[in-house]
Amino acid sequence: MDRDPKTPESKEPAEVSALPTSAAWKEPAHPSAQVVVRESLASMDRLLDQLNSLDAKASYLAAGLFVMIAGFIAGVATKPPTDPHLQDVMVAAFAFYLVALFFVGDAWWPRPVDAPPHPRGLREHHFNDREENVLLEISNQVASSFDDTKKVAARKSRSIKVGLIVVAFAATASCIVVATSLIQGGPH
Numbered sequence: 000m001d002r003d004p005k006t007p008e009s010k011e012p013a014e015v016s017a018l019p020t021s022a023a024w025k026e027p028a029h030p031s032a033q034v035v036v037r038e039s040l041a042s043m044d045r046l047l048d049q050l051n052s053l054d055a056k057a058s059y060l061a062a063g064l065f066v067m068i069a070g071f072i073a074g075v076a077t078k079p080p081t082d083p084h085l086q087d088v089m090v091a092a093f094a095f096y097l098v099a100l101f102f103v104g105d106a107w108w109p110r111p112v113d114a115p116p117h118p119r120g121l122r123e124h125h126f127n128d129r130e131e132n133v134l135l136e137i138s139n140q141v142a143s144s145f146d147d148t149k150k151v152a153a154r155k156s157r158s159i160k161v162g163l164i165v166v167a168f169a170a171t172a173s174c175i176v177v178a179t180s181l182i183q184g185g186p187h
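In terms of numbering that gives the first Met the number 0, the sequence shown opens at residue 0 and continues consecutively.
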């Protein structure tokens, strides 16, 4: 038959190559394969470190946000605004704080992260395989996992940036409310 044994419409069994009888299968992989895997794993480690730093930034942003909310509540409780427009700004400041808390929570929320190589999969599928095949499998796992982890890092980074922008609006509104209340005077 003229059909390729690898095509799905072929009914013939695929040919399986026999293991080499010489010691060629025990030879180490080409040095470039080892370099590719080593550099891929190093890139993955850097990306995981970046995720850890983004989580730390989200934690610091959350702590700062709670301090700002507490300060705003203390300022409003000490000198409540009497002007209706100023009360609207106060409500807007609270709304900005809640939106900022949402984005900080989104950045801080744990997401599934894959960090290959997976020892169990390597042991089960490549225990007696050639080193080049094992290195190729590790490299493929790192490449696919790297893209998924990069998406997680991008979302965390975007949430932190949006959270910082919303915090800036909330801080501006808070300063307007507290400063105007203090300037207007009135009962304590």
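Every residue, glycine too, gets a C-beta built ideally from N, C-alpha and C.
For residue i, which three-state DSSP category applies?
i, result
"A91", "helix"
"P83", "helix"
"G74", "helix"
"P27", "coil"
"S9", "A caution first: S9 carries a pLDDT of 49, below 50, which makes its placement in the model too unreliable to give a value."
"S42", "helix"
Does the beta-carbon distance from residue i to residue j come in below 8 Å?
i, j, result
"V98", "V165", "yes"
"S173", "F65", "no"
"F101", "F168", "no"
"S31", "A142", "no"
"A61", "V103", "yes"
"K150", "L46", "no"
Between which two residues does the alpha helix (DSSP H) containing residue i stretch?
i, result
"R110", "Looking at the DSSP string, R110 is not in any alpha helix (DSSP H), and its letter there is neither H nor E."
"G162", "E130 to Q183"
Looking only at its own chain, which residues have a Cβ that is under 6 Å from the Cβ of residue i, when we skip the five neighbours before and after it?
i, result
"S144", "D113 and P115"
"K155", "L53 and A106"
Let me check understanding here. Comparing Cα to Cα, which of the options lies closest to residue i?
i, options, result
"P27", "E131, V161 and A178", "E131"
"I68", "K149, V161 and V90", "V90"
"Q33", "D105, S138, W107 and L46", "S138"
"A153", "Q49, L40 and E38", "Q49"
"W107", "I159, A178 and R45", "I159"
"D146", "G63, P111 and T171", "P111"
"A170", "F93, R45 and E136", "F93"
"G162", "R37, N51, D44 and Y59", "Y59"
"N51", "L135, P109 and A76", "P109"
Between which residues of its own chain and residue i is the CB-CB distance below 7 Å, once the five residues before and five after are set aside?
i, result
"G74", "V177"
Starting from the C-beta of residue i, find all residues in its chain whose C-beta is less than 8 Å away, skip the five residues before and the five after it, and write them out in chain order.
i, result
"D82", "T179 and Q183"
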